[in-house]
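In what follows, a single structure is set out as structure tokens and then discussed.
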DNA sequence: CGACGAATTGAACCTATTCAAAGGGTGTGG
DNA sequence: CCACACCCTTTGAATAGGTTCAATTCGTCG
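Protein chains in written order, with the numbering used here: chain A, -18 to 212; chain B, -18 to 212.
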């Protein structure tokens, strides 16, 4: 269970709460409840009534979409400081995605209505959240573009690049992606099958662009990956 | 050129300006400039410095993304009252998409910085814009899901449904989509080729779900299309 | 009515999927 | 501490869905 200090430190570090004073942060903190999740735990299911906004205190969360026959899509991998869940006050709406702990995680939750009041009281918060949402919209549209125009190999390269930038740890031999990632996870981010992903990863490794084993990936040549991804 | 009355009437009817009084609307109107575009005119190119937010007064606008070799993606078709362009004040950012008049159109433009001031002054505007952006994010993610999990025929059915709901005119024989739409336009919305789209449209017509000719589509069986789209 | 752009149709080709079987790395329990 | 079992991963071969290229037909606007 994450400590009160961690909570306050986290809240004060959030980009979209940057406009609040320490006292106001302290006050906002009262609206949040904290929950712990083990790896694999579901935070909410797609279709559940949407009543809360969540902020990651520690750990990683994955957002997924379901279609029939195990054809799931991994929309996004979130890290501490990221938010997810509902932004609208009405509890009648429903979550469009499923949120799942991708690693052991501590999550803070606030009522959607409370958060909306916070945004209405502090316009800079609303603008900051709007900026983040706009950025996600462009990400999603970029994904659409890649699915429409590029090969599985190019999409894989783009996904690996993105992961390396977001979750990568720079090391002497390359950028290590700090997350357990199976071939299936990568496949669900790329709109491919695990088998295809396995073949692609083998090819990328042969070309010296990456190194990869069971559940881990290291990017050795960011520039090379990028030129492959861009066509 | 759209008249001043049309401009005021349009502004007062905008969902995200609903919180403003008549006098405030009148005042906001001063920030907007109006431009006319002929069918096919480009409003801005992907990559241009992003300095304005646009609102459609009349006509239709299409948002597109480019990739090499004519592999363009038609992200969205917008109608009067919809906004597009930049939401962030800094002019250093760039448009991610190209905006083009899909029919003769009258477009109102406001500086991104001015609009941001408006949102900061009237929080309900910011919240309304956030809601619309969130809705678009979910739309984009739904498109990703469909590209990942469904066949071209299912995607085509989903696109036609969506168009019929957004731009459809209910008639005795079915719902007529009120826009010129070539096989190529539909292909760019579906991530398919015009040839594939032609074959799919022929099949759908044979099944009695739609009627279609050169540049036009009518949906005869919404429920049938929906069950096809959902799998 | 004529001409041009759009739509259709056919056949070969290719990428990625599917199904199946064998090969490892990891971590847990004895 | 080692061994075993489990799941992830790899690899192969057959298949299918969509693309590509090319030729023809059709509708519509001037």
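Idealized CB from N, CA, C, for every residue including glycine.
Because the structure is a prediction, the values reported are computed rather than measured.
Item                                                                                                                                                                    : Value
Using the DSSP secondary-structure output, state which residues sit across from residue 57/A in a beta bridge.                                                          : 44/A
Quick one: measure Cβ to Cβ for residue 124/A and residue 118/B, integer angstroms, because I've assumed they're closer than 8 Å.                                       : The pair is not a contact, with the Cβ atoms about 12 Å apart (cut-off 8 Å).
With 16 as the cutoff for other CB atoms within 10 Å, does residue 176/B come out buried or exposed?                                                                    : exposed
Under the assumption that residue 103/B contacts residue 31/B (Cβ atoms under 8 Å), give the Cβ distance between them as a whole number of angstroms.                   : At roughly 22 Å, the Cβ-Cβ gap does not stay under 8 Å, so residue 103/B and residue 31/B are not in contact.
Is the beta carbon of residue 36/B sitting closer than 9 Å to the one on residue 106/B?                                                                                 : no
Count the CB pairs spanning the segment -2 to 10 of chain B and the segment 150 to 165 of chain A that are closer than 8 Å, and state whether there are at least three. : no
Kindly indicate the opening and closing residues of the alpha helix (DSSP H) around residue 109/A.                                                                      : 104 to 130
Could you name the residues of chain A that residue 262/B contacts, counting a contact when the two beta carbons are closer than 8 Å?                                   : The displayed coordinates of chain B run from -18 to 212. Any statement about residue 262/B would go beyond what the structure contains.
At a Cβ threshold of 9 Å, is residue 175/B touching chain A?                                                                                                            : no
Touching or not, the segment 128 to 144 of chain A and the segment 191 to 201 of chain A, by the rule of three or more beta carbon pairs under 8 Å?                     : yes
Are residue 93/A and residue 133/A close, meaning C-beta to C-beta below 9 Å?                                                                                           : no
If you measure from the beta carbon of residue 73/B to each beta carbon in chain A, is any gap under 9 Å?                                                               : no
Tell me whether the beta-carbon of residue -13/A lies closer than 9 Å to the beta-carbon of residue 6/A.                                                                : no
Would you call residue 33/A buried or exposed, if buried means 16 or more other Cβ atoms sit within 10 Å of its Cβ?                                                     : buried
When you compare only the Cα positions, how much space is there between residue 101/A and residue 188/A?                                                                : 52 Å
Pop quiz: residue 88/A and residue 19/A are said to be a contact at Cβ under 8 Å. What is the actual Cβ separation, rounded to whole angstroms?                         : Not a contact, Cβ separation roughly 12 Å.
Between the alpha carbons of residue 129/B and residue 171/A, how many angstroms are there, rounded?                                                                    : 8 Å
Determine, for residue 110/B, whether the minimum Cβ-Cβ distance to residues of chain A falls below 9 Å.                                                                : yes
Counting contacts by CB-CB distance shorter than 9 Å, is residue 208/A in contact with chain B?                                                                         : no
Scan the segment 76 to 107 of chain A for residues whose Cβ lies nearer than 9 Å to a Cβ of chain B and list them as they occur along the chain.                        : 77, 78, 97, 100, 101, 102, 103, 104, 105 and 107
Along the chain, where does the beta strand (DSSP E) containing residue 81/B start, and where does it finish?                                                           : 79 to 82
Assign residue 30/B to one of three DSSP states: helix, strand, or coil.                                                                                                : strand
Which of the residues in the segment 147 to 174 of chain A, read from start to end, lie with their CB under 7 Å from any CB of chain B?                                 : 172
Could you spell out the range, first to last residue, of the beta strand (DSSP E) harbouring residue 194/A?                                                             : 191 to 194
Do you know offhand how far residue 136/B's Cα is from residue 10/A's?                                                                                                  : 44 Å
Starting from residue -15/B, trace the alpha helix (DSSP H) both ways and give me its first and last residue.                                                           : -15 to -6
Would you mind stating whether residue 160/A and residue 84/A have Cβ atoms separated by less than 9 Å?                                                                 : yes
Let me check one thing: in DSSP terms, what residues is residue 204/A bridge-paired to?                                                                                 : The partner list for residue 204/A (beta bridge, DSSP) is empty, contrary to what the question assumes.
Please report the straight-line C-alpha distance between residue -5/A and residue 154/B, rounded to a whole angstrom.                                                   : 55 Å
Any beta carbon of chain B sitting closer than 9 Å to that of residue 130/A?                                                                                            : yes
Measure from the alpha carbon of residue 79/A to the alpha carbon of each residue in 60/A, 68/A, 108/A and 47/A, then state which is nearest.                           : 47/A
Tell me whether residue 66/A is buried or exposed, calling it buried when 16 or more other Cβ atoms sit within 10 Å of its Cβ.                                          : buried
Under a three-way DSSP split, which group does residue -1/B fall into?                                                                                                  : coil
Counting C-beta neighbours from all protein chains within 10 Å, is the total for residue 145/A 16 or more, i.e. buried, or is it exposed?                               : buried
Report the residues of the segment 43 to 67 of chain B with a CB closer than 7 Å to any CB of chain A, ordered along the chain.                                         : 46, 48, 49, 52, 54 and 56
Is any beta-carbon of chain A found at less than 9 Å from that of residue 144/B?                                                                                        : no
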